[in-house]
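Some notes on the structure that comes next.
There are 2 protein chains.
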Amino acid sequence: MARLAQYSHRLSVAPGKTFIQEGEAATDFYIVTAGHTKIFTLMPDGRRQITGFGQSGDFLGLASGATYAFSAEALGPLSLCRFSRTGLGLLRREFPELELRLMEEASRELVQAQRRMLLLGRKTARERLASFLLEQHHLSPTKEIVIHLPMSRTGIADYLGLTIETVSRTLNALQREMMITITQVTQITLLNLPALEHLARGG
Amino acid sequence: MARLAQYSHRLSVAPGKTFIQEGEAATDFYIVTAGHTKIFTLMPDGRRQITGFGQSGDFLGLASGATYAFSAEALGPLSLCRFSRTGLGLLRREFPELELRLMEEASRELVQAQRRMLLLGRKTARERLASFLLEQHHLSPTKEIVIHLPMSRTGIADYLGLTIETVSRTLNALQREMMITITQVTQITLLNLPALEHLARGG
DNA sequence: CGGCGCGTTGATGCAAGTCAAATTTAGTGG
DNA sequence: CCACTAAATTTGACTTGCATCAACGCGCCG
Chain S
1 MARLAQYSHR
11 LSVAPGKTFI
21 QEGEAATDFY
31 IVTAGHTKIF
41 TLMPDGRRQI
51 TGFGQSGDFL
61 GLASGATYAF
71 SAEALGPLSL
81 CRFSRTGLGL
91 LRREFPELEL
101 RLMEEASREL
111 VQAQRRMLLL
121 GRKTARERLA
131 SFLLEQHHLS
141 PTKEIVIHLP
151 MSRTGIADYL
161 GLTIETVSRT
171 LNALQREMMI
181 TITQVTQITL
191 LNLPALEHLA
201 RGG
Chain C
1 MARLAQYSHR
11 LSVAPGKTFI
21 QEGEAATDFY
31 IVTAGHTKIF
41 TLMPDGRRQI
51 TGFGQSGDFL
61 GLASGATYAF
71 SAEALGPLSL
81 CRFSRTGLGL
91 LRREFPELEL
101 RLMEEASREL
111 VQAQRRMLLL
121 GRKTARERLA
131 SFLLEQHHLS
141 PTKEIVIHLP
151 MSRTGIADYL
161 GLTIETVSRT
171 LNALQREMMI
181 TITQVTQITL
191 LNLPALEHLA
201 RGG
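What follows is the structure, given as C-alpha cells:
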C-alpha cells in the first residue's frame, strides 16, 4: 500500500458543492468514503436528469472520453479519495482485487441503468413513484417500512423524470389509496408492499 | 490462447432469435463477433424498452445478480462467442489486456446509459428523434449524411420511449421543416446537421 | 413579525398516447 | 411479372396524463 499514497489524496467536500463538472477534463477518479452524492446531467435550458446516487464505497468518474459526461454534487458532508487517472492504471496492476471490485461495481451500475431506462421510457408517474419508494425501501439496511427520503421533491422529480407537482400529487394519490402514509414531508410509511410492488412492475 | 477454447464456444444465432432471456440464470457471457443484437427489457403487459444495441466486438451478459436483467435478440444473422462465467474469471487472469478492454467497454456503456437516461427522462419527441438520427449518423463509419435505419418504426419507438405513431409523425414533421428527407422508409438524408444538433441538445 | 424557500393544491394547456382507417410496402404463389 | 394477401407505415380524429401557470399554506429564521 506504500505506493497508493502518491497517487491518491483524501478530501472533504462541503454539502451542496459540485465537485465534478460535466464537460471538464476527466483527469481524476474518485471513491466515496463517507456521505452521499448525486450524479446528474443538465441541458442548456436547465432541464436536469439525475442519473444516480453514489454512496460510501462507490466509484465515481468512470468516463470513456476525455471529459466527464456528468456532474456530481455532495448531498451532505462528503469524504472522497481522489486518484489521478494514470495512478489508477498503476494501482490496478498493483491490486488485482481492485480490478474485480471495479468490474462488479460497473456491472451493478449497468443493471441499474437498464432498470432506470425502463422506468424513464415506459413507466407512468404512479409506477415511477412506486418503484422509487421500493428502491428506497430496499436500500435501507433494516428494511423498515418507514422510509426516509434522502432528497427534496425537486430531487425526486429530477430522478424520476417528472415535475415536482406531479410527484406531490402522485404521492398524495397513493396515500388516498392507502398504499402509503406521508408521515412527514421526507418520511413515508409503506402500508401495502404487495400493491406497491404490483404497481411498480406495471401490472 | 490454448486454454481459451475450453471455456469458450463459437455459435451462430438465427435472425430474430432471443438468445438471452430476462430472468434466466446468468451462467454465460458473450462477445459479439459479427452482426447486431438488440438488448431490451419487458413489462408484464408488453411494454418494451430497448436499452441498447450490441455490435461486433461488444460484450454481453454483464449481470450483477444471479439472473439476466434483460433479453437479447439477434437483429440479423449473428455470430457469438460464449464463455462460461467461471471461464471468464480464469481468462481475465490469463489475459490482463482483456481486463482493460472490459473496463473500457463498461465505461463506454455507462456513459451512453447516462445520455439515454437524459433522453428518456427529459427530452421531447422531436429532441429524441434528432438525437437518434445523429447517433446513427455518428455510428456510420463513413459519416454519410444519408443514413440507413437498422430497425423498424416499432424498434425506434421502443428505443426512444415513444409510440410508432409519434415516431412517424415526428419524422414527417422534421421533413416538412427541411431538416431531413425520408428517401425510403429506412433511409433518411440529413439536410441540416446544425439544426438537428441544436434540437438534439435541447436549445 | 414578515419574507423566503419548499410543498401542496387548483385550473388550464398541450404533447404524446390511443383508436381507427387509409395507404404503402413486402411477401408469396400462380 | 403480376395478382393477391399480410404486414408495416402513415394519417386523421379524439383522449388523456402530465406539464405549466398560478395561488396558497406552512414552517423557519433573521
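Protein chains in written order, with the UniProt record's numbering: chain S, 1 to 203; chain C, 1 to 203.
Just so you know, even glycine gets a beta-carbon here, dropped at the ideal spot from N, CA and C.
Computed from a predicted structure; not experimentally measured.
>> Taking contact to mean 3 or more Cβ pairs, one atom from each stretch, closer than 8 Å, check whether the stretch 77-88 of chain C and the stretch 103-116 of chain C are in contact.
In response: no
> Under three-state DSSP, which class holds S/Tyr-30?
Replying inline: strand
> Do three or more CB pairs link the stretch 35-44 of chain C to the stretch 59-75 of chain C at distances below 8 Å?
Replying inline: yes
>> Please tell me whether C/Thr-51 and C/Ala-26 are closer than 8 Å, where the distance is taken between their beta carbons.
In response: no
>> Let's see if you can read the secondary structure: which residues bound the alpha helix (DSSP H) around S/Gly-87?
In response: 85-94
>> What would DSSP say about C/Glu-73, mapped onto helix, strand or coil?
In response: strand
> Taking contact to mean at least 3 C-beta pairs separated by less than 8 Å, is the stretch 140-147 of chain S in contact with the stretch 183-197 of chain S?
Replying inline: yes
> In chain order, what residues of the same chain lie with their CB nearer than 8 Å to the CB of S/Met-178, ignoring the 5 residues before and after it?
Replying inline: Leu-191 and Asn-192
> Can you list, in chain order, the residues of the UniProt domain "HTH crp-type" (123-194) of chain S whose Cβ is nearer than 7 Å to any Cβ on chain C?
Replying inline: Gly-161
>> Short of 7 Å Cβ to Cβ, which residues in the stretch 43-55 of chain S face chain C?
In response: Met-43, Pro-44, Asp-45, Arg-47, Gln-49 and Thr-51
>> The alpha helix (DSSP H) that contains S/Val-167, what's its start and end?
In response: 164-176
> Are any of the Cβ atoms in chain C nearer than 8 Å to that of S/Glu-197?
Replying inline: no
> Residues of chain C with CB under 7 Å from S/Thr-41, in chain order?
Replying inline: Gln-114 and Leu-118
> Quick one: Cα of S/Tyr-159 to Cα of C/Lys-123, how far?
Replying inline: 14 Å
> What's the gap between the Cα of S/Gln-55 and the Cα of S/Leu-162?
Replying inline: 24 Å
> If you pair each beta-carbon of the stretch 166-175 of chain C with each one of the stretch 114-132 of chain C, do three or more pairs fall below 8 Å?
Replying inline: yes
>> Tell me which residues share the same chain as C/Val-13 and place their Cβ nearer than 7 Å to its Cβ, disregarding the 5 neighbours each side in the sequence.
In response: Phe-19, Ala-74, Leu-78 and Leu-80
> Mind checking if S/Leu-78 is an interface residue toward chain C, Cβ cutoff 8 Å exclusive?
Replying inline: no
> Hey, is S/Val-111's beta-carbon within less than 8 Å of any beta-carbon in chain C?
Replying inline: yes
> What is the rounded straight-line gap between the Cα of S/Arg-101 and the Cα of C/Gly-155?
Replying inline: 35 Å
>> On a Cα-Cα basis, can you pick out the residue from S/Ile-180, S/Asn-172, S/Ala-113 and S/Gly-121 that is closest to S/His-137?
In response: S/Ile-180
> S/Gln-49: buried (16+ other C-beta within 10 angstroms of its C-beta) or exposed?
Replying inline: buried
>> With a threshold of 8 Å between beta carbons, is C/Glu-121 in contact with chain S?
In response: The question names Glu, yet the displayed sequence has Gly at residue 121 of chain C. Yes, because at least one Cβ of chain S sits closer than 8 Å to the Cβ of C/Gly-121.
> In three-state terms, what does DSSP make of S/Gln-55?
Replying inline: coil
>> Using 8 Å as the threshold, is the C-beta distance between C/Arg-47 and S/Gly-202 below it?
In response: yes
> Using the beta-carbon count (16 or more within 10 Å), is S/Asp-28 buried or exposed?
Replying inline: buried
> In the structure shown, what three-state DSSP assignment does S/His-137 receive?
Replying inline: helix
> In terms of alpha-carbon separation, which member of C/Leu-196, C/Thr-33, C/Phe-59 and C/Ser-8 lies closest to C/Glu-135?
Replying inline: C/Leu-196
> Nearest CA to the CA of C/Val-185: which residue from C/His-36, C/Ala-200 and C/Ser-152?
Replying inline: C/Ser-152
> Based on Cα-Cα distance, which residue from S/Glu-22, S/Gln-112 and S/Ala-34 lies nearest to S/Gly-76?
Replying inline: S/Ala-34
>> Taking the beta carbon of S/Gly-16 as the centre, do at least 16 other beta carbons fall within 10 Å, making it buried, or is it exposed?
In response: exposed
> At which residues does the alpha helix (DSSP H) containing S/Ile-156 begin and terminate?
Replying inline: 153-160
> How about S/Glu-99 and C/Glu-99: are their beta carbons less than 8 Å apart?
Replying inline: yes
>> Between S/Arg-108 and chain C, is the shortest Cβ-Cβ distance under 8 Å, so that the two count as touching?
In response: yes
> Taking C/Gly-65 as the reference, which of S/Gly-23, S/Glu-22, S/Met-103 and S/His-9 has the closest Cα?
Replying inline: S/Met-103
>> Buried or exposed for C/Gly-121, going by 16 or more other Cβ atoms inside 10 Å?
In response: buried
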